[in-house]
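**Student:** Going by my numbering, the first residue of the first sequence is number 97, and it counts up by one from there.
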Amino acid sequence: MPELPEVETVKEALNEKIKGLKIKSFELYYEPMIKGISPQLFKEKIQNQTVQSLSRRGKYLIFHLDDYYLLSHLRMEGKYFYEGPDSELAPHVHAIFNFFNNDQLWYQDVRKFGTFHLYEKTVNLEEMPPFQVLGVEPFSEQFTDSYVKERLQNKRKPIKSLLLDQTMVCGLGNIYVDEVLFRAKVHPLTQSFKLTEQEIKDVVKYTVEVLDCAIKLKGTTIRTFSSQHGVSGTFQNELRVHQRKDETCYECKTVIEKIKVGGRGTYYCKLCQPQK
DNA sequence: AGCACTGTTTACAT
DNA sequence: TATGTAAACAGTGC
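1. Is the distance from the Cβ of LYS107 to the Cβ of ARG152 below 7 Å?
2. Report yes if the CB atom of TYR176 is closer than 7 Å to the CB atom of LEU167, and no otherwise.
3. Hey, out of PRO284, VAL244 and LEU201, whose CA is closest to GLY359's CA?
4. Using a threshold of 7 Å, state whether the C-beta atoms of LEU248 and LEU259 are closer than that.
5. Where do the N-terminal and C-terminal ends of the alpha helix (DSSP H) with ALA310 fall, by residue?
6. May I have the straight-line CA-CA distance separating ASP241 from ILE255, to the nearest angstrom?
7. When you compare each of ASP274, LYS314 and GLU127 to ASP205 by their alpha carbons, which one comes out closest?
8. Quick check: the segment 160 to 174 against the segment 203 to 220, are there 3 or more CB pairs under 8 Å?
9. Have a look at LEU124 and LYS356 and give me their C-alpha separation to the nearest angstrom.
10. Which residue marks the beginning of the alpha helix (DSSP H) containing ILE114, and which one marks its end?
11. Would you decide whether PRO98 is buried or exposed? Buried here means 16 or more other CB atoms lie within 10 Å of its CB.
12. Is the beta carbon of GLY315 less than 7 Å from the beta carbon of THR146?
13. Bridge partners for LYS175 per DSSP, in chain order?
14. Under three-state DSSP, which class holds TYR243?
15. Where does PHE209 sit, in a helix, a strand or coil, going by DSSP?
16. Going straight from the alpha carbon of GLN332 to that of THR303, what length do you get?
17. If you draw a straight line from the alpha carbon of ARG279 to that of GLN143, how long is it in whole angstroms?
18. For THR362, count neighbouring Cβ atoms within 10 angstroms of its own Cβ and tell me buried if that reaches 16, exposed if not.
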């Protein structure tokens, strides 16, 4: 569930559930998910730490502990489950936070792509991997037409690839990029430097609008098996092109096409988003 | 049955 | 340097 709106939704849910809870122990069943530090050290450091709050940067979830920032990326399939003491362990749970109140937080990830980083709170997170390459937040005042215009200069890759790349603006993934480009009426293969001022303006506008709407709807739930306990948002009802191959465009009735852009499945309307 | 696909990022190739 | 591709992994769907 991991584009910005889904991570934001998880953040909100976890803030309700685990804020103020103290970690009694940490169980880890897939060591490669811990980055930049040994799994043993990771366990030792977070033991007896209290969760002060959670925040989000791009698609990263940040646990603010007493002395550390714990960064969690859900990648393709990562999910959190807050469970009581007697729950029967679900499949694909790779990490468990045990709290002193005897409840537990599971990290489940079928594909094992998710990652944890741990940093002392004394560091400047923005300078640390993986944040040091992250672009601006879509809801920040830094995300402006002129900023995007400058960053598009002499970029020869397709606009879709550039928006998926997290180094200009962070938080967009495959679903929301397709939806933003449809609303901005820009063909996904358009070379980035060729966007007109108006198109740039619309891409910025709809990036904010689509993400904001998706957050209000608590994200998108597709591939339904994934939504059992976790987040079940309703933005899937707002999708205009994504996953609508061979269905007709709501605007013009043209059949939605699916192509590959930068290796990612890409949905668009060839009439509403003409290639120039 | 086998292969291509999947809400992501990175390391490495060219 | 900038852009493109493969790889990490497991499950689903054609």
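Quick reminder that beta carbons are idealized off the backbone N, C-alpha and C, glycines included.
**Tutor:** In short:
1. Yes, they are a contact pair.
2. Taking a C-beta distance under 7 Å as the contact criterion, TYR176 and LEU167 do not qualify as a contact pair.
3. Residue nearest to GLY359 within the set PRO284, VAL244 and LEU201 is PRO284 (criterion: CA-CA distance).
4. Going by C-beta atoms, LEU248 is not nearer than 7 Å to LEU259.
5. Where ALA310 is concerned, the enclosing alpha helix (DSSP H) starts and stops at 293 to 312.
6. Take the alpha-carbon of ASP241 and the one of ILE255: they are about 15 Å apart.
7. Cα-wise, what sits closest to ASP205 is GLU127.
8. Yes, the segment 160 to 174 touches the segment 203 to 220.
9. Here the alpha carbons of LYS356 and LEU124 stand approximately 37 Å from one another.
10. Residues 100 to 114.
11. Counting Cβ neighbours within 10 Å, PRO98 comes out buried, since at least 16 surround it.
12. Taking 7 Å as the Cβ cut-off, GLY315 and THR146 do not qualify as a contacting pair.
13. Looking at the DSSP assignment, LYS175 forms a beta bridge with GLN204.
14. In this structure, DSSP gives TYR243 a helical state, which the three-state scheme calls helix.
15. If DSSP states are grouped into helix, strand and coil, PHE209 belongs with coil.
16. Going from the Cα of GLN332 to the Cα of THR303 covers about 16 Å.
17. Across the structure, ARG279 and GLN143 are spaced so that their CA atoms are roughly 47 Å apart.
18. Buried, since its Cβ has 16 or more Cβ neighbours within 10 Å.
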